[in-house]
Amino acid sequence: MNVSLALLFLSVNLAFSSVAVGERRTLTSEKRPNLILLVTDDHPFDAMGCAGHAILSTPNMDALAERGSRFTHAFVTTPICAASRASLFSGRYERSHGYTFGQPALDDGIVHQSYPSLLRQAGYRVGFVGKFGVKVSSKGRKEMFDEYVPGTYPYFRSRPKRLQEGVAAVPPRHLTEINADQAIDFLRSRDERPFCLSLSFQAPHAEDNNPDQYVWPSSCDELYRGDVIPPPATADPAFFKALPEFLRSGLNRERWKWRFDTPEKHARMVKGYYRMLSGVDQAIGRLISTLDELGLGDDTVIMLIGDNGYFLGERGYAGKWTMHDRSVRVPLIISDPRCKAEKRGELIDAFALNVDIAPTLLELAGVKVPAAMQGQSLCALLDDASTTWRDEVFSEHLWESRRIPRTEGLRTRDWKYIRYLDHPEYEELYDLQSDPGEEHNLAREEQHTRRLMKLRERCSLAASRAEG
203 MNVSLALLFL
213 SVNLAFSSVA
223 VGERRTLTSE
233 KRPNLILLVT
243 DDHPFDAMGC
253 AGHAILSTPN
263 MDALAERGSR
273 FTHAFVTTPI
283 CAASRASLFS
293 GRYERSHGYT
303 FGQPALDDGI
313 VHQSYPSLLR
323 QAGYRVGFVG
333 KFGVKVSSKG
343 RKEMFDEYVP
353 GTYPYFRSRP
363 KRLQEGVAAV
373 PPRHLTEINA
383 DQAIDFLRSR
393 DERPFCLSLS
403 FQAPHAEDNN
413 PDQYVWPSSC
423 DELYRGDVIP
433 PPATADPAFF
443 KALPEFLRSG
453 LNRERWKWRF
463 DTPEKHARMV
473 KGYYRMLSGV
483 DQAIGRLIST
493 LDELGLGDDT
503 VIMLIGDNGY
513 FLGERGYAGK
523 WTMHDRSVRV
533 PLIISDPRCK
543 AEKRGELIDA
553 FALNVDIAPT
563 LLELAGVKVP
573 AAMQGQSLCA
583 LLDDASTTWR
593 DEVFSEHLWE
603 SRRIPRTEGL
613 RTRDWKYIRY
623 LDHPEYEELY
633 DLQSDPGEEH
643 NLAREEQHTR
653 RLMKLRERCS
663 LAASRAEG
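Numbering of the sequence shown is given in our numbering, commencing with residue 203 and proceeding in unit increments.
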């Protein structure tokens, strides 16, 4: 192919791409959009006001949902921060990228095809603020980010300072507030390039070595004081006692004792968790206000996703790590200011995954999605929520830990299958239509034997595909 013909071919393809994007969005400009990915830590799917939570106040998350699309069935492929965040960067399942706690750094070849690296190669200014959670080489990190500002707990780095004797103490800054400051600094120091900013909150993750566990910013001190916290679902001790010993002695139960083992402690701890989440919401509000102040609001797509779900006493557990919806199902909002008015506030119930985030960011930026990414861009669903889509979700947790069993699960619209790799004698099967809380395990009921075998086989096939 000669140079002239190649240039003509390229121009035709670019024109076609522009038409396709134009059909999908009402563009305010021809510039590539700025991109912000907000990641919360330990955030279950229903812990937002816009998701129908009866107590939580999250007006800024709700505003993002009102201006964009909220995915009601979003899941992580591994419910633990290290592996899940590696999946966010790479668009791959855990057994494909191979990273979790206790593993060597993420392979440089995978880093090279991560969304930060690819966006930088495409001319984006790429920044990261907050909890990184993934081990990468120094070379890899330099390839991924123009600016990298990590930060993890303790949530308060210093004691309160007094201006002078007799003057009230100046409260220290909470990590969530500091992360917001750092993200705003990134926005204010912009140049002519489009940007992609990942703001990854440590909150509302508990501060595990702190007796109070949930440590919130002082701006949230008065929130939820008068609220009555109901007992969690499946909190009946009989439910927990019916579980096999390897689950009853796991880390989920140990941390339950730290946080939720009396009604009074449960109520106090849950209010602390809610205050931490409201602190994140306030930080998001500051970020949105800064975008508007700088004239960037109409050119910036904002995504919000949790790195995994969270048990707040349900099933007699604290934490995550299991294949139950409370652990793997997360909030996901995509707020694109260019979307058509009739699409704003849309609820999309298609199965979305954390591995879909990287290809979505790349498509929004007009960057080719590498074949190695196992997720799918969600842009087609943003255009048309009725688009034919995946009909099952495969999740896994492969970290070899004495207190956290390795597990796999497969979810369809109607059924959930769970198995434990080191305890194959125990399986779980739930009819999600009649039992959305996954309270009644049907795996040993004879009338469900055929369905159990079918889902077991589907889970094995999905696991094989996830290897890449």
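Note that the Cβ used here is the ideal one computed from N, Cα and C, for glycine as well.
Between the CA atoms of residue j and residue i - distance to the nearest angstrom
i	j	result
Lys-656	Tyr-619	10 Å
Arg-531	Phe-247	5 Å
Cys-398	Leu-239	8 Å
His-255	Ala-249	6 Å
Pro-433	Leu-514	10 Å
Asp-593	Leu-498	37 Å
Thr-242	Phe-273	16 Å
Ala-408	Leu-321	32 Å
Thr-651	Arg-658	10 Å
Leu-479	Thr-260	8 Å
Met-471	Phe-462	7 Å
Thr-589	Arg-660	23 Å
Arg-327	Arg-395	6 Å
Val-482	Tyr-476	10 Å
Asn-643	Pro-413	35 Å
Gly-329	Gly-335	15 Å
Ala-288	Thr-280	10 Å
Tyr-632	Arg-517	14 Å
Ala-208	Pro-626	With a pLDDT of 42 at Ala-208, under the threshold of 50, the predicted position of this residue should be treated as unreliable, and no value is reported.
Glu-565	Glu-466	48 Å
Gly-353	Gln-404	8 Å
Asp-244	Ser-421	21 Å
Leu-377	Asp-383	10 Å
Gly-568	Gly-325	11 Å
Asp-616	Gln-635	6 Å
Ala-469	Lys-233	49 Å
Leu-584	Arg-488	26 Å
Environment of residue i [buried if 16+ CB atoms lie within 10 Å]
i	result
Gln-315	buried
Ser-662	exposed
Gly-508	buried
Leu-549	exposed
Phe-448	exposed
Lys-473	buried
Leu-365	Its pLDDT being 46, under 50, Leu-365 is placed unreliably in this model, and the coordinates cannot settle the point.
Ser-286	buried
Asp-500	exposed
Gly-311	exposed
Gln-484	buried
Gln-649	exposed
Gly-428	exposed
Ser-231	Summary for Ser-231: the model assigns pLDDT 44, below 50, so the residue's position carries little reliability; its value from the coordinates is reported in the next sentence. The residue is exposed, with fewer than 16 neighbouring Cβ atoms inside 10 Å.
Lys-459	exposed
Arg-605	exposed
Leu-496	exposed
Asn-454	buried
Thr-464	exposed
Glu-379	buried
Glu-424	exposed
Asn-411	exposed
Ala-543	exposed
Ser-271	buried
CA nearest to the CA of residue i, picked from the options
i	options	result
Ala-665	Gly-254, Arg-297, Leu-320	Arg-297
Leu-389	Gly-611, Glu-629, Asp-494, Leu-580	Asp-494
Val-557	Leu-564, Asp-551, Cys-581, Gly-577	Gly-577
Lys-333	Ala-385, Leu-489, Pro-373, Gly-568	Ala-385
Leu-506	Arg-653, Gly-300, Asn-262	Asn-262
Ala-444	Arg-461, Tyr-628, Gly-611, Leu-563	Tyr-628
Gln-305	Trp-601, Pro-352, Ala-440	Trp-601
Ala-560	Asp-383, Ser-400, Thr-464	Ser-400
Gln-323	Ala-307, Ile-312, His-275, Phe-347	Phe-347
Tyr-416	Tyr-357, Thr-436, Glu-466	Tyr-357
Ala-276	Phe-330, Arg-660, Ala-552, Asn-643	Ala-552
Phe-441	Pro-235, Glu-641, Pro-318, Glu-349	Glu-641
Pro-539	Pro-446, Thr-502, Glu-424	Thr-502
Lys-341	Ala-307, Gly-670, Pro-373, Pro-352	Ala-307
Ser-451	Leu-489, Leu-584, Tyr-519	Tyr-519
Gly-547	Ala-554, Ser-537, Leu-555	Ser-537
Val-351	Glu-669, Asn-381, Gly-611, Pro-373	Asn-381
DSSP beta-bridge partners of residue i
i	result
His-376	Phe-358
Glu-629	Arg-621
Ser-292	BP columns for Ser-292 are empty, so no partner.
Leu-401	Leu-240, Val-331
Ala-285	Note: Ala-285 sits in no beta bridge, so no partner.
Beta carbon proximity, residue i to chain C, threshold 7 Å
i	result
Lys-545	Of the protein chains in the structure, only one exists, and it is not chain C.
Stretch-stretch touch, CB-based, cutoff 8 Å, three pairs: the stretch 287-303 with the stretch 570-586: yes
At least three beta-carbon pairs within less than 8 Å, the stretch 521-537 to the stretch 266-276: yes
The stretch 518-531 touching the stretch 595-608, judged by at least three CB pairs closer than 8 Å: yes
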